[in-house]
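As structure tokens, the structure follows; a few thoughts come after it.
Residue numbers (my numbering): 3 to 89.
Here is the structure:
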């Protein structure tokens with residue numbers, strides 16, 4: 003049997019990420035411009051945990067990792083820079 007647990011009742015912890023983008027436009031001449039961009043992904047470096055292990059039984063034995071959270075869903079803070087020349 004598949005059990006009687008309703009759909010969507012099994013949930014993990016919530017997610018919280020803050021992404022940030024800063025840019026500076028500079029006019030070099032009348033027709034030439036330069037844009038500097040800095041982008042921060044997961045700027046606050048918040049750890050987001052993945053869902054707990056849903057497997058309770060492995061064959062006839064109870065799984066020792068049932069309900070344990072063993073991974074994260076987001077990466078650590080990442081920063082990228084860009085420079086764009088417009089004409």
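Glycine included, C-beta positions come from ideal geometry on N, C-alpha and C. Note that the coordinates shown come from a computational prediction; the quantities given were computed from them, not determined experimentally.
Closest in C-alpha terms to residue 18, from the list 34, 62 and 47, comes 47. For residue 14 against residue 53, the beta-carbon gap comes to about 3 Å, under 8 Å, which counts as contact. Sequence-distant Cβ neighbours of residue 33 in its own chain, meaning closer than 8 Å and more than five residues away, are 89. Looking at the DSSP output, residue 40 shares a beta bridge with 24 and 83.
Residue environment analysis places residue 44 among the buried positions, since at least 16 neighbouring C-beta atoms fall within 10 angstroms of its C-beta. For residue 25, the closest of 36, 77 and 16 by C-alpha to C-alpha distance is 36.
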